[in-house]
Each structure stands twice: as C-alpha cells, then as structure tokens.
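Trainee: Take a look at the following structure, please.
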Amino acid sequence: MSASVHDAGQATPPRLRWLAATIGAFNANKTSWVGLVIVIAVILAAVLAPVIAPHDPLEQNILSRLQPPHDDYYLGTDYFGRDILSRLLYGARISLVIGVASTVIALVLGSLIGILAGWYGGKFDVVVMQTMDILLAFPSLILGLILVAMLGPSMENITIAIALTSIPSFARIARAPTISVKERDYIEAGRALAFSDVRIMAGHILPNIFPEILVMGSLWLANAIRTEASLAFIGLGVKPPTATWGGMIREGFENILDSYWLVLAPSLAILIIVFALNILGDGLRDAIDPKLKGER
0 MSASVHDAGQ ATPPRLRWLA ATIGAFNANK TSWVGLVIVI AVILAAVLAP VIAPHDPLEQ
60 NILSRLQPPH DDYYLGTDYF GRDILSRLLY GARISLVIGV ASTVIALVLG SLIGILAGWY
120 GGKFDVVVMQ TMDILLAFPS LILGLILVAM LGPSMENITI AIALTSIPSF ARIARAPTIS
180 VKERDYIEAG RALAFSDVRI MAGHILPNIF PEILVMGSLW LANAIRTEAS LAFIGLGVKP
240 PTATWGGMIR EGFENILDSY WLVLAPSLAI LIIVFALNIL GDGLRDAIDP KLKGER
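Counting in numbering that gives the first Met the number 0, the sequence shown runs from 0 upward without gaps.
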C-alpha cells in the first residue's frame, strides 16, 4: 500500500506538486490567503472599473468640489469636483498595468542576463555583474526619475524606466542558482549528449530556478507600483487628467489640511496593495524554500 502511494506521488506532475506545496504553505501562513484575496479584489476592481465606477472619473463639477464623503460621492470629490472613488478605480488600472508590464519586462530580461552570466562565467560574468552592480548602486526611485526625465513622462516610458531599475535584481536572483544547478549530474549528462547551451538553459536550468524568480516578481511588483506612484507624485507620472494614485495624492496635497480625504483614499490603496503583494510573496517563498518547509 505504501509503495503504491509512493509511486502515485512520484507520478504526480511537477506543476501539481508545486501547486500542492503552495496551498500547504498558504494554509500554514494564513496571511498569504489574505494577500491573495486582496490582490484578486484589486485586479477585479480595476478590470470592472467601467461597470462599478459610480461616475465618470474625468467629469468635473465645480459646484461639488471638495465635498466630503456622502451618499452621492462615497469617498468625496477633489478640487475639480471629480468623484474620488471613480478615479481610484480607474487609477488602479494604470498602477497595475505599469507595475505588471515593468515587472514582466524586468523578469524576462533580468533572468536572461543572470542565466547567461551564471552559465558562461569567466570574464563575461564579471563584466555583466559589475554592470548590474553599478545600476544597483542607484536607488530605484532616483534612477527611475532620471530615466523618465530623459525619456518623457508617458505610460510607455514610465514602464521602461521602472523595468530598467529592476533588471539588476532579477539578474542577481537568476545568476546564483544557475551557478549551482549547472554543476549537477543531469546537466553534465546533457552536455555529454551534445545538448546545445540554449536547450540546457531553457529546458533544465530555467524550470529549476523559475519559482525563485516568481517570488521575486511578486515582491518587485509591489516596488514597481510604489515607484510609479512616487514618480506621479513628483510630476513625472502619466499626464493629467488621467487618474493615477500618485497623481491623486499630488493633486490633493495642497488641500490636505482642509480636505484630508483627497489623499487618504489613494494612500490607503497603495498601502493595501503593497502590503498584500508582500505577504503574498512570503507565502510563495514558503512554498519553495526547503528550509522553511522543514521548520514547519
């Protein structure tokens, strides 16, 4: 009986085993479920913004400006009489699109650079990683500010700038396990069978290190959203009147003493999504870290 169970466990596809491990880690760390639910809720709110937003986010009503939260405007109105709740929902779209797009770009390029550096080693590794270290020496916000100032404040340029600030971190995350994995017996067997470098890296190294990269991606998505909001706050975000969370904070900052709700809602939105992504990343980390599994 035990042998059959063991055989069934071995027959389980790797993806299903990883899913089971993730669910087990989430059950052990209940806050991970909270993070997952919040992230899904924010994504649904952004996707369904045209349906659930009570007002047009760009519609101005000077007669209703700076109104506190009430029945018609659940989160109040801004200086131009625009509904804050509607702008908050549409602003989630901008934050998520820029955050996800920049993180995916950084994940792909950074992982490629890290795998190549770890695989080939030698002078190539030294030159590449020293270049990454130079980029890491700049704080992500400062580097993003410089790049956006050079490229111009548009949605595409902000995405590129945030992605470039994240590439070095993904490169370092991918390089270390690549160096470890390439010394294993099955990699040597692939070399003995004359497998190409591309085949080994794509078919054997990448699947082994991808879970670690995925965890890094969830954490850096939070950083990307925060960086986008910071750039918008200092005037280098998507141009008005497009609703963005950082832009809403910037617009409401002048009236913060009299109309606190102008900055409270977008600030809480950024806080909640960043917090949710971080605890979600903790759950994913627990699922793939053998040491943490052993402790549980």
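C-beta atoms are modelled at their ideal positions from N, C-alpha and C, and glycine is treated no differently.
When we look at the beta-carbon of Ile39 and count the other beta-carbons within 10 Å, is it buried (16 or more) or exposed?
Mentor: When all chains shown are included, Ile39 counts as exposed.
Trainee: So, Leu106 versus Phe169, is the Cβ gap smaller than 7 Å?
Mentor: Yes, they are a contact pair.
Trainee: If you count every other CB in all the chains shown that lies within 10 Å of the CB of Leu296, and 16 or more means buried, which is it?
Mentor: The chain is shown only over 0 to 295; residue 296 falls outside these bounds and no answer can be derived.
Trainee: Among residues of its own chain, excluding the 5 on either side of Ile269, which ones have a beta-carbon nearer than 6 Å to its beta-carbon?
Mentor: Excluding sequence neighbours, Ile269 sits near Ala228 and Trp244.
Trainee: Where do the ends of the alpha helix (DSSP H) carrying Asn254 lie?
Mentor: Per DSSP, Asn254 belongs to no alpha helix (DSSP H) and is neither H nor E.
Trainee: Can you give the beta carbon distance from Ala48 to Arg92, rounded, assuming they're within the 8 Å contact cut?
Mentor: At roughly 6 Å, the Cβ-Cβ gap stays under 8 Å, so Ala48 and Arg92 are in contact.
Trainee: Determine the contact status of Leu279 and Gly34, defining contact as a CB-CB distance below 7 Å.
Mentor: Contact: yes.
Trainee: Which value, in whole angstroms, describes the spacing of the CA atoms of Thr319 and Trp118?
Mentor: Residue 319 cannot be examined here, being either before or after the span of the chain that is shown, 0 to 295.
Trainee: Let me know if Val262 comes out buried or exposed under the rule of 16 or more other beta-carbons within 10 Å of its beta-carbon.
Mentor: By the 10 Å Cβ count, Val262 comes out buried.
Trainee: Note down the Cα distance separating Leu276 from Arg225, rounded to an integer number of angstroms.
Mentor: Each residue's Cα considered, the two are about 11 Å apart.
Trainee: Taking all protein chains shown into account, do 16 or more other C-beta atoms lie within 10 angstroms of the C-beta of Lys29, making it buried, or fewer, making it exposed?
Mentor: Lys29 should be labelled exposed.
Trainee: Between which residues of its own chain and Pro240 is the CB-CB distance below 7 Å, once the five residues before and five after are set aside?
Mentor: Answer for Pro240: Leu57, listed in chain order.
Trainee: Ile204 and Ile166 look like a contact to me (Cβ under 8 Å); what is the Cβ gap, rounded to whole Å?
Mentor: Rounded, the Cβ-Cβ distance is 19 Å, inconsistent with contact.
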